[in-house]
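Colleague: Chains as they are written, first to last, in the working numbering: chain A, 1 to 310; chain E, 311 to 620.
One structure is given below, represented as structure tokens, and several questions about it will come after.
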């Protein structure tokens with residue numbers, strides 16, 4: 001069983017306050033929480049603010065469920081890079097006697113995994129993944145490429161933690177740019193600036209930094225170093241609880257990684273490039289609560305106005 | 311592998327139209343679709359309309375992720391009643407050599423399930439399930455009990471189908487009543503009337519009918535007959551595509567089933583009862599599209615006004 005990452009004292013105290021106030025609701029599993037009305041309303045206002053910022057891109061909106069075809073995950077090669085974070089969906093396909101035994105094991109909270117077999121589905125690990133095959137299925141991109149707003153989808157990362165800023169299931173607001181390399185790269189850099197401005201308006205002091213993904217194993221360390229060196233990933237980091245700042249958003253240039261997997265073509269027949277951005281919505285809410293206090297009615301007026309209007 | 315339920319000709323033609331228009335987006339797996347902007351905006355307006363109706367109950371809002379602790383599913387006894395519909399989450403917990411082999415199998419779209427082990431998580435099969443342990447953890451209910459609005463949560467049912475009205479992953483708008491038996495039963499019956507009125511305002515001719523859940527196996531048939539006889543479940547049915555009408559909403563009296571599992575108590579120390587209602591949001595959108603046409607701008611003025619205002 002995967003070990004639960006422990007929280008620092010400060011992170012644990014923050015989590016306890018969030019639970020005490022009903023901002024989050026405990027489930028009994030580390031990194032899995034219900035959301036109280038206040039928490040969820042802040043998240044929805046942050047989401048609406050990002051929608052306003054995104055309007056300049058004239059994006060196409062699509063939204064996707066929290067599950068992805070297993071085949072899509074396989075095609076992307078996710079299991080090579082992040083096998084430790086993936087979640088696959090299993091189900092029962094047996095007869096009545098097997099169902100009875102499975103149920104009896106479950107009654108005693110014993111292991112019933114022998115009756116579960118793999119389905120065609122996995123959990124979505126990044127909210128942009130369903131976008132690439134959906135757009136590729138339409139044929140070549142129009143001239144100038146497109147922007148797809150995939151909304152605030154649920155994503156799964158199997159990394160149980162006691163730090164409330166590290167959830168197993170959270171909303172990632174994802175916007176994807178598909179087009180020619182220069183278009184895509186310019187868009188990625190415009191957005192990392194927009195993100196900094198957004199956080200400034202919300203009273204959050206964010207630092208932009210080169211970053212890398214949490215690739216698995218020894219070979220993963222090389223991939224991560226390469227990603228940093230080529231400046232493929234930037235993050236905006238804000239102090240929440242604990243010793244180090246937390247990434248609230250990332251801006252990622254994929255070069256032709258996804259485009260080549262799904263055969264995404266430009267209007268002129270050339271291969272497309274892609275970039276995406278992801279805002280970690282729960283982390284933004286937590287950063288607001290940590291920096292401005294647990295009662296939004298007592299937040300600075302300027303921050304309240306950004307979210308709820310005058 | 312679970313067999314895919316085939317669609318009638320009419321259902322398949324309706325699905326193809328939805329995909330052609332970009333209302334739904336194919337994923338390659340039966341019963342799993344992305345949503346286009348128009349589809350999603352209708353769903354959100356329907357959701358907002360239900361929120362307006364629910365205001366009379368002064369509900370407490372909570373929202374939950376699409377995953378549930380496995381232990382909660384075990385406690386509820388779901389695997390006895392609906393083993394065929396449940397989805398459990400598996401993950402990888404191996405070393406680098408195992409990760410490499412798993413990745414290679416995945417590259418070839420071969421079976422990599424041997425490297426996946428059961429986690430503490432399952433998919434949420436009914437959006438009310440996380441509510442009972444969360445409320446029970448607070449202690450006895452206040453006098454008069456409470457209403458919890460669990461929002462439009464994602465739920466999973468492992469029943470792959472070519473009928474677009476039978477999805478594997480969909481939004482269920484769930485509201486739960488917890489209190490004394492008479493309070494709970496009266497609330498359930500008030501809402502089945504409210505639901506009929508809601509559908510009438512949306513131009514949908516709904517029939518209310520006694521119903522039963524799709525219990526598994528031979529012993530399940532007895533449970534279903536019992537549920538009908540005791541009038542524990544009502545559904546509101548509307549014609550979408552195909553030969554038979556489809557349930558768009560259900561109103562369910564659980565007696566002490568959930569309350570006893572989680573020790574939910576009344577203010578006076580007696581055992582609580584519960585009821586819930588679920589609106590199948592995608593089915594409501596599909597019923598609107600089927601009955602009023604695929605272009606919401608050409609829907610009857612009265613229906614447009616209910617959803618988008620004057």
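Backbone N, C-alpha and C fix where the C-beta goes; we use that ideal spot for every residue, glycine too.
Which full runs of the beta strand (DSSP E) of 3+ residues lie inside the stretch 472-530 of chain E, going along the chain?
Modeller: If we require 3 residues or more, the beta strand (DSSP E) runs fully inside the stretch 472-530 of chain E come out as 479-489 and 517-520.
Colleague: How many whole angstroms separate the CB atoms of residue 471 of chain E and residue 315 of chain E, which I take to be in contact at a CB cut-off of 8 Å?
Modeller: Within the second chain, residue 471 of chain E is the residue found at index 161, counting from 1. Within the second chain, residue 315 of chain E is the residue found at index 5, counting from 1. With a Cβ gap of about 4 Å, residue 471 of chain E and residue 315 of chain E count as contacting.
Colleague: DSSP three-state call for residue 567 of chain E: helix, strand or coil?
Modeller: Position 257 of the second chain holds residue 567 of chain E. Note: residue 567 of chain E maps to helix in three-state DSSP.
Colleague: Could you list which residues in chain A have their beta carbon closer than 8 Å to that of residue 625 of chain E, in chain order?
Modeller: Lying outside 311 to 620, the shown extent of chain E, residue 625 of chain E is not represented and no answer is given.
Colleague: Residues of the stretch 70-94 of chain A with a CB closer than 9 Å to any CB of chain E: list them in chain order, please.
Modeller: Here the close residues are 70, 71, 72, 73, 74, 75, 77, 78, 79, 80, 81, 83, 84, 85, 86, 87, 88, 89, 90, 91, 92, 93 and 94.
Colleague: In whole angstroms, what is the alpha-carbon distance linking residue 17 of chain A and residue 200 of chain A?
Modeller: Reading the first chain from its first residue, position 17 is the one you call residue 17 of chain A. Reading the first chain from its first residue, position 200 is the one you call residue 200 of chain A. C-alpha separation (whole angstroms): 25 Å.
Colleague: For residue 312 of chain A and residue 279 of chain A, which I take to be in contact (beta-carbon distance under 8 Å), what is that distance rounded to the nearest angstrom?
Modeller: As shown, chain A starts at 1 and ends at 310. That puts residue 312 of chain A outside it, with no answer to give.
Colleague: Looking at the structure shown, is residue 298 of chain A part of a helix, part of a strand, or coil, going by DSSP?
Modeller: As a first step, residue 298 of chain A is located in the first chain; it is residue number 298 there, counting from the start. The answer is helix: DSSP assigns residue 298 of chain A an H, G or I state.
Colleague: Is it true that the stretch 194-213 of chain A meets the stretch 254-265 of chain A, where meeting means three or more beta-carbon pairs spaced less than 8 Å apart?
Modeller: No contact exists between the stretch 194-213 of chain A and the stretch 254-265 of chain A.
Colleague: Any idea if residue 419 of chain E is buried or exposed, counting beta-carbon neighbours within 10 angstroms, 16 or more meaning buried?
Modeller: Residue 419 of chain E sits at position 109 when you count from the first residue of the second chain. That one is exposed.
Colleague: Output yes or no for whether 8 Å exceeds the beta carbon distance between residue 565 of chain E and residue 458 of chain E.
Modeller: Mapped onto the second chain, residue 565 of chain E falls at position 255. Mapped onto the second chain, residue 458 of chain E falls at position 148. Contact flag unset, no.
Colleague: With burial defined as no fewer than 16 other Cβ atoms inside 10 Å of the residue's Cβ, what is the status of residue 507 of chain E: buried or exposed?
Modeller: Indexing the second chain from 1 puts residue 507 of chain E at position 197. Burial call: exposed.
Colleague: Between the stretch 323-335 of chain E and chain A, which residues of the former have a C-beta closer than 9 Å to a C-beta of the latter?
Modeller: The residues in question are 332 and 335.
Colleague: When the Cα of residue 416 of chain E is compared with those of A/292, A/28, A/76 and A/42, which residue comes out closest?
Modeller: For this step, residue 416 of chain E is matched to residue 106 along the second chain. Closest option to residue 416 of chain E, Cα to Cα, is A/76.
Colleague: Relative to the C-alpha of residue 312 of chain E, which candidate in A/240, A/93 and A/15 has its C-alpha closest?
Modeller: Sequence index remark: in the second chain, residue 312 of chain E carries index 2 (1-based). The shortest Cα separation from residue 312 of chain E among A/240, A/93 and A/15 belongs to A/93.
Colleague: Exposed or buried, residue 421 of chain E, counting other C-beta atoms within 10 Å across all chains shown (16 or more means buried)?
Modeller: Here residue 421 of chain E is taken as the residue at index 111 of the second chain, counted from 1. It counts as exposed.
Colleague: So which of E/529, E/569, E/468 and E/592 has the shortest CA-CA distance to residue 438 of chain E?
Modeller: As a first step, residue 438 of chain E is located in the second chain; it is residue number 128 there, counting from the start. The shortest Cα separation from residue 438 of chain E among E/529, E/569, E/468 and E/592 belongs to E/569.
Colleague: Just the chain E side, please: which residues come within less than 8 Å of residue 154 of chain A by C-beta, in chain order?
Modeller: Translated into the one-based positions of the first chain, residue 154 of chain A becomes position 154. Within 8 Å Cβ-Cβ: 375, 376 and 464.
Colleague: I believe residue 399 of chain E touches residue 87 of chain A by the beta-carbon criterion, under 8 Å. Please report the beta-carbon distance rounded to the nearest angstrom.
Modeller: Here the question's residue 399 of chain E lines up with position 89 in the second chain. Here the question's residue 87 of chain A lines up with position 87 in the first chain. That pair is a contact at about 5 Å.
Colleague: Out of E/620, E/414 and E/488, which has the shortest C-alpha to C-alpha gap to residue 449 of chain E?
Modeller: For the purposes of this step, residue 449 of chain E is taken as residue 139 along the second chain, with counting starting at 1. If we check each option's Cα against that of residue 449 of chain E, E/488 comes out closest.
Colleague: Considering only C-alpha positions, which residue in the set A/24, A/40 and A/222 is nearest to residue 33 of chain A?
Modeller: Numbered from 1 along the first chain, position 33 holds the residue referred to as residue 33 of chain A. Answer by Cα proximity: A/24.
Colleague: Note the first and the last residue of the continuous alpha helix (DSSP H) segment covering residue 441 of chain E.
Modeller: Within the second chain, residue 441 of chain E is the residue found at index 131, counting from 1. Residue 441 of chain E -> alpha helix (DSSP H) spans 441-446.
Colleague: Starting from residue 468 of chain E, find everything on chain A with Cβ-Cβ shorter than 7 Å and list it in chain order.
Modeller: Numbered from 1 along the second chain, position 158 holds the residue referred to as residue 468 of chain E. Here the neighbours are 91 and 119.
Colleague: In chain order, what residues of the same chain have a beta carbon less than 8 Å from the beta carbon of residue 640 of chain E, not counting five sequence neighbours either side?
Modeller: Since the first residue of chain E shown is 311 and the last is 620, residue 640 of chain E is not available in this structure.
Colleague: Which ranges would you report for the beta strand (DSSP E) in the stretch 100-161 of chain A if only whole runs of at least 3 residues count?
Modeller: Listed in chain order, they are 116-123 and 146-156.
Colleague: Under 8 Å between C-beta atoms, does residue 406 of chain E make it to chain A?
Modeller: Reading the second chain from its first residue, position 96 is the one you call residue 406 of chain E. Chain A, which has a Cβ nearer than 8 Å to the Cβ of residue 406 of chain E, makes this yes.
Colleague: Could you give the DSSP three-state label for residue 4 of chain A: helix, strand or coil?
Modeller: Walking along the first chain from the start, residue 4 of chain A turns up at place 4. In this structure, residue 4 of chain A counts as coil in the three-state DSSP scheme.
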